[in-house]
Structures are given as structure tokens and as C-alpha cells.
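>
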Amino acid sequence: MAFNILSTIKSALKEVHGVEKIDSELSSYYVVEEVQSNFRGMEVAIEAEAWFCFSEMTVRGFADILRSWAAKVNLKRFLKSPQRKKVYDPKHPHLSTFRLNSKKSP
Numbered sequence: 052m053a054f055n056i057l058s059t060i061k062s063a064l065k066e067v068h069g070v071e072k073i074d075s076e077l078s079s080y081y082v083v084e085e086v087q088s089n090f091r092g093m094e095v096a097i098e099a100e101a102w103f104c105f106s107e108m109t110v111r112g113f114a115d116i117l118r119s120w121a122a123k124v125n126l127k128r129f130l131k132s133p134q135r136k137k138v139y140d141p142k143h144p145h146l147s148t149f150r151l152n153s154k155k156s157p
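So in our numbering, the last spot in the sequence shown is 157, and the numbers never skip.
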């Protein structure tokens with residue numbers, strides 16, 4: 052179920068912000084973390100009856116609401132962290148564990 056929710060969110064964001072931007076820059080980790088934390092609060096604060104209107108919506112109506120919400124998302128909050136280049140340290144070269152273990156064995 053969690054994967055379906057994430058896929059639905061990503062689809063709405065792709066529709067509004069573009070497929071390339073969402074696929075290359077959006078962090079699924081940050082999106083999932085946000086959904087989890089907000090869901091817990093909404094579960095406590097909002098009565099179950101308030102969600103009933105969504106069950107009566109058409110698929111098109113629900114998609115329109117998702118697109119309008121996706122347009123309001125600040126993508127900067129959910130960007131992937133930039134990857135740092137690994138710095139080679141000549142004082143500590145890579146040592147193969149296999150070779151180290153082979154030297155110890157008789």
C-alpha cells in the first residue's frame with residue numbers, strides 16, 4: 052500500500068513539475084518521511100467522517116485535486132542530497148580483504 056501511495060504522489064508531481072525533474076531530483080526518502088509524519092498527526096486531528104468526501108469522488112475529480120495540491124508543493128524541501136566525490140587518500144590506500152586474509156593463512 053505504501054508503494055501505491057508513493058507512486059500516486061510522484062505521478063501527480065510529474066504531471067505538474069515534469070517527469071525529468073521529478074525522476075532526477077526528487078528524493079523518495081524525504082517524501083515518504085513527510086507523508087509518515089503528517090499522516091500520524093492527521094489521524095489524530097481529523098475525524099474519519101472528514102475523509103468520506105474522497106470516497107465519493109470520481110477518479111477525474113480526485114486526480115484534479117491531487118494536481119492542484121502538487122502545484123503547491125515546494126520541491127526544494129524534497130530534493131536529493133548531492134553526492135560528494137570520494138577523495139583518494141594516498142596515505143591509506145585500498146587494501147583487499149582477500150589479499151590480507153591470504154597472507155595470514157599458511
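All C-beta atoms, glycine included, are put in the ideal place defined by N, C-alpha and C.
1. Who are Leu77's beta bridge partners in DSSP?
2. Looking at Ile60 and Val82, is the spacing between their C-beta atoms short of 8 Å?
3. Residues in the same chain with beta-carbon distance under 6 Å from Tyr139, minus the five sequence neighbours each way, listed in chain order, please.
4. Among Gly69, Lys142, His145 and Ile56, which residue has its Cα nearest to the Cα of Val86?
5. So, is Phe54 buried or exposed, given that buried needs 16 or more other C-beta atoms within 10 angstroms?
6. Is Ser77 buried or exposed, if buried means 16 or more other CB atoms sit within 10 Å of its CB?
7. Under 8 Å, do Ala114 and Val67 count as touching if we go by C-beta distance?
8. From what residue to what residue does the alpha helix (DSSP H) around Asp115 run?
9. Have a look at Lys127 and Arg150 and give me their C-alpha separation to the nearest angstrom.
10. In terms of residues, what are the limits of the alpha helix (DSSP H) holding Ser153?
Taking the geometry as given:
1. Locating residue 77 in the sequence shown gives position 26, counting from the first residue. In DSSP, Leu77 forms a bridge with Leu130.
2. Sequence index remark: in the sequence shown, residue 82 carries index 31 (1-based). Sequence index remark: in the sequence shown, residue 60 carries index 9 (1-based). Their beta carbons are under 8 Å apart, which means Val82 touches Ile60 by this criterion.
3. Counted from its first residue, the sequence shown places residue 139 at position 88. The beta carbon of Tyr139 sits closer than 6 Å to no other beta carbon from its chain once the five residues preceding and following it are set aside.
4. For the purposes of this step, residue 86 is taken as residue 35 along the sequence shown, with counting starting at 1. Nearest to Val86 by alpha-carbon distance, out of Gly69, Lys142, His145 and Ile56, is Ile56.
5. Position 3 of the sequence shown, counting from 1, holds the residue named residue 54. Result: exposed.
6. As a first step, residue 77 is located in the sequence shown; it is residue number 26 there, counting from the start. It should be pointed out that residue 77 corresponds to Leu in this sequence rather than to Ser. Counting Cβ neighbours within 10 Å, Leu77 comes out buried, since at least 16 surround it.
7. Within the sequence shown, residue 114 is the residue found at index 63, counting from 1. Within the sequence shown, residue 67 is the residue found at index 16, counting from 1. Against a cut-off of 8 Å, the Cβ pair of Val67 and Ala114 comes out as no contact.
8. Position 64 of the sequence shown, counting from 1, holds the residue named residue 115. Start and end: Val110 to Ala122.
9. Translated into the one-based positions of the sequence shown, residue 127 becomes position 76. Translated into the one-based positions of the sequence shown, residue 150 becomes position 99. The alpha-carbon of Lys127 is positioned some 46 Å away from that of Arg150.
10. Mapped onto the sequence shown, residue 153 falls at position 102. From DSSP, the alpha helix (DSSP H) with Ser153 extends over Thr148 to Lys155.
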